[in-house]
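Beneath this line is the structure, given in structure tokens, with notes to follow.
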Amino acid sequence: MLRIRQEKSSWLEDVLYDFQKIHPADTFQIMSKERLLSKIARPTSFVPQWVRRFLLNKKFFSLATSFGILFVSIFSFSVYTPQTVEASNSVYLVITNGDPIIKPLGQNWKMAQQLQELNIGDTIQTDHDDIVEIHFFDSSVTRLANNTELTITDFFKESLDEKIELKLKNGRTWNKVIQAVSNSSDFTVNTHNSSVSTKNATFDILAGTNQPTSINVVDHLIDVKILQSEANSVVAKTKVAGGYKVEVKVSSEKTVAQTAQIKPIENEYTNDWFTENKEKDKIHLDNLEKKREEKIIAAAGILPNSPLYPVKKGLEEAKNVITNPDQSTEKLEKITKKFRQAAALSAKAEYSESNVILEEFKNLFQEAKNETALKPQLEKALAEMQNDYTTVLPGTQEYKIKELLRELELQITDQPESVLIKRTAEKLFEAQDLFENGTPELAENLLVSISQNQTSILNSTGAIVAEHKKTFILQKTEELQILQALKEDVKSAESDKLASLVDTIHQNTIQEINKLTPQPKKPLKKHIVTVQKDDPKTRAQEFINKVNIYKTQRGQNNQMLSLLKKIPNNKKQIATLTEIKKLLPVEKQYLITQKILEITNK
0 MLRIRQEKSS WLEDVLYDFQ KIHPADTFQI MSKERLLSKI ARPTSFVPQW VRRFLLNKKF
60 FSLATSFGIL FVSIFSFSVY TPQTVEASNS VYLVITNGDP IIKPLGQNWK MAQQLQELNI
120 GDTIQTDHDD IVEIHFFDSS VTRLANNTEL TITDFFKESL DEKIELKLKN GRTWNKVIQA
180 VSNSSDFTVN THNSSVSTKN ATFDILAGTN QPTSINVVDH LIDVKILQSE ANSVVAKTKV
240 AGGYKVEVKV SSEKTVAQTA QIKPIENEYT NDWFTENKEK DKIHLDNLEK KREEKIIAAA
300 GILPNSPLYP VKKGLEEAKN VITNPDQSTE KLEKITKKFR QAAALSAKAE YSESNVILEE
360 FKNLFQEAKN ETALKPQLEK ALAEMQNDYT TVLPGTQEYK IKELLRELEL QITDQPESVL
420 IKRTAEKLFE AQDLFENGTP ELAENLLVSI SQNQTSILNS TGAIVAEHKK TFILQKTEEL
480 QILQALKEDV KSAESDKLAS LVDTIHQNTI QEINKLTPQP KKPLKKHIVT VQKDDPKTRA
540 QEFINKVNIY KTQRGQNNQM LSLLKKIPNN KKQIATLTEI KKLLPVEKQY LITQKILEIT
600 NK
């Protein structure tokens, strides 16, 4: 043993004596004592001896250290939570293959870097063997094929509102757009003669300055605008659903049918570009699901089933005493916290605990929903909660949470009919995705739910105020096109029940449109109309006769658009258009509906 010098203070002797009681190995004892003597031995100190003895007491030191670690852990979870896991507003580049080049706004071309952050005005160019991806803050992704030049013309993110705008000069891009909660959000790709925008779709664009623009819609629905090159003005508009493609040939003042041909996608599904990107989309969605779960768990912090939860709760109560938040803020924080806890437990597959807390969250929300001062904040919080579940499909515990949020949205909104109509389109998209994933049985359950939902809409359509009718009719005409694409999916399933369900929903959608479409006033004397030579029924029959001159579907559509263009925009024509609708098959009635809306608006 080493001899301790007499001038060393008694507190150091005590420490060394206590150290012997631990009974470590002899060699370790000697080394530790030498280091202790060299590091700590000081002849004097201004700290009183009794304080030094207290601070170096092993029990006190162990307790203080444990409490310090515990406090830091709890503080980091309870105070520093949602802000650390929010999505950034950045747009960045992922190089899959080759050496692409980039031209920042106002600068020269240079080599692009892996994970390089992109800004508005940046132009990316790929060579013959380059393949790159652009990842956006909303989890959407655009992939550039070889020999492609693309410019980021605009993007921003503010709360739930998101906007992304790209300009494809030449080449090919694959665009996987993740569903946006906000109606004002948009993802747009412009070419020299067209503009494609969507909130939730997968589409492929092939474009070049001196060639037609070819747009393949892989799933969901896109809006296509036909542009006039010189003035860059919109000549015509159309919508294209998943499973169809459109080719924009010429940019001049012609109708949609003359400048854009819409037909089913056939051979494209088998080419390498399609198969590779569809596989990458699956991987992308799987990664998003993992990130979503990580984000939800991180946002919740310490969960109720953790032994540290009572301490966390005590610290939060102490923080509330110090900050003294107002009652509304405290209620909102409590509701949000309950939801985060339930979502995190569900993400960790602890479903029974999650269901208990979800019920508490639901009760708290329903108690607060009628408070006028709190309602706007609740609506925003609810939208943010829904934003984490946009890609979740039926068949999972997470989908039950998604349905609960939809139920609460219906309870808090001032326009329940609008929410119901929006939900129908959302569920039709989900049904498409389920068919794509090879789970037609789940799609069938979802279609039954949609049919029941439509019954509720049909019973309450009369409550929709006049200024909202136009929006609702447009939404319903979009649904008709989604249903048309869904019919093709159902054919592959070879199920009579599924086909019948889709047909029922199709007919209900037409009824909804007819119920919302302005109807002409009936004449006071019925016989006056019937004896007139040039009455609406006669004009409608003449219209149909002119359409039937053409035997092909394309010829009839072109003729209809040409005849509708010649009909003057006055209210007298609404009666004739209504009669024409009665004589047309259901899949062509939406063209007449759009004309009626055009007249009504003017």
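Using numbering that gives the first Met the number 0, you'd call the opening residue of the sequence shown number 0 and step up by one each time.
Note that beta-carbon positions come from the ideal geometry of N, C-alpha and C, so glycine has one too.
Please read all numbers here as calculations on a predicted model, not as lab measurements.
Exposed unless 16 or more other CB atoms sit within 10 angstroms - verdict on residue i
i, result
"residue 41", "Because residue 41 sits at a pLDDT of 46, beneath the cut-off of 50, its placement in the model cannot be relied upon, and the following sentence gives the value as read from the coordinates. Looking at its Cβ environment, which holds fewer than 16 other Cβ atoms inside 10 Å, residue 41 is exposed."
"residue 581", "exposed"
"residue 559", "buried"
"residue 155", "exposed"
"residue 400", "buried"
"residue 171", "buried"
"residue 592", "buried"
"residue 165", "buried"
"residue 108", "exposed"
"residue 191", "buried"
"residue 535", "buried"
"residue 478", "buried"
"residue 125", "buried"
"residue 336", "buried"
"residue 491", "exposed"
"residue 357", "buried"
"residue 294", "buried"
"residue 235", "buried"
"residue 281", "exposed"
"residue 553", "exposed"
"residue 570", "exposed"
"residue 199", "buried"
"residue 594", "buried"
Short Cβ contact (8 Å threshold) for residue i with residue j
i, j, result
"residue 504", "residue 588", "no"
"residue 351", "residue 396", "no"
"residue 404", "residue 373", "no"
"residue 433", "residue 500", "no"
"residue 486", "residue 449", "no"
"residue 283", "residue 188", "no"
"residue 213", "residue 226", "no"
"residue 94", "residue 110", "no"
"residue 90", "residue 136", "yes"
"residue 541", "residue 568", "no"
"residue 424", "residue 512", "no"
"residue 297", "residue 342", "no"
"residue 161", "residue 181", "yes"
"residue 193", "residue 239", "no"
"residue 430", "residue 243", "no"
"residue 133", "residue 96", "no"
"residue 215", "residue 267", "yes"
"residue 276", "residue 142", "yes"
"residue 418", "residue 408", "yes"
"residue 208", "residue 169", "yes"
First and last residue of the uninterrupted alpha helix (DSSP H) at residue i
i, result
"residue 98", "Taken as a continuous stretch (DSSP letters only), residue 98 belongs to no alpha helix (DSSP H), as it is neither H nor E."
"residue 537", "535-546"
"residue 432", "415-435"
"residue 556", "552-565"
"residue 186", "Element bounds for residue 186: not the alpha helix (DSSP H) but the beta strand (DSSP E), 185-189."
"residue 582", "572-582"
"residue 119", "Unbroken run through residue 119: none, as it is neither H nor E."
"residue 336", "326-346"
Unbroken beta strand (DSSP E) run spanning residue i, endpoints
i, result
"residue 170", "160-175"
"residue 267", "Unbroken run through residue 267: none, as it is neither H nor E."
"residue 369", "Element bounds for residue 369: n/a, residue is neither H nor E."
"residue 383", "First-last for residue 383: 374-386, but that is the alpha helix (DSSP H), not the beta strand (DSSP E)."
"residue 196", "193-197"
"residue 244", "243-247"
"residue 132", "130-134"
Bridge-paired residues (DSSP) for residue i
i, result
"residue 156", "161"
"residue 235", "225"
"residue 202", "174, 216"
"residue 124", "100, 148"
"residue 140", "134, 175"
"residue 112", "None, per the DSSP bridge assignment."
Residue i Cβ short of 7 Å to the ligand HEM heavy atom set
i, result
"residue 184", "No copy of the ligand HEM appears in this structure; indeed no ligand is present at all."
For the region 388-396 against the region 434-441, do three or more pairs of beta-carbon atoms, one drawn from each stretch, fall closer than 8 Å, so that the two count as touching? yes
How about the region 142-156 and the region 114-122: do they share at least three Cβ pairs that are nearer than 8 Å? yes
Do three or more CB pairs link the region 325-333 to the region 293-306 at distances below 8 Å? no
For the 8 Å Cβ check, are there 3 or more pairs between the region 202-220 and the region 164-184? Judged by Cβ distances under 8 Å, the region 202-220 makes contact with the region 164-184, as three or more pairs qualify.
Would the region 471-488 count as touching the region 568-581 if we require 3 or more Cβ pairs under 8 Å? The answer is no - the region 568-581 does not touch the region 471-488, with fewer than three Cβ pairs under 8 Å.
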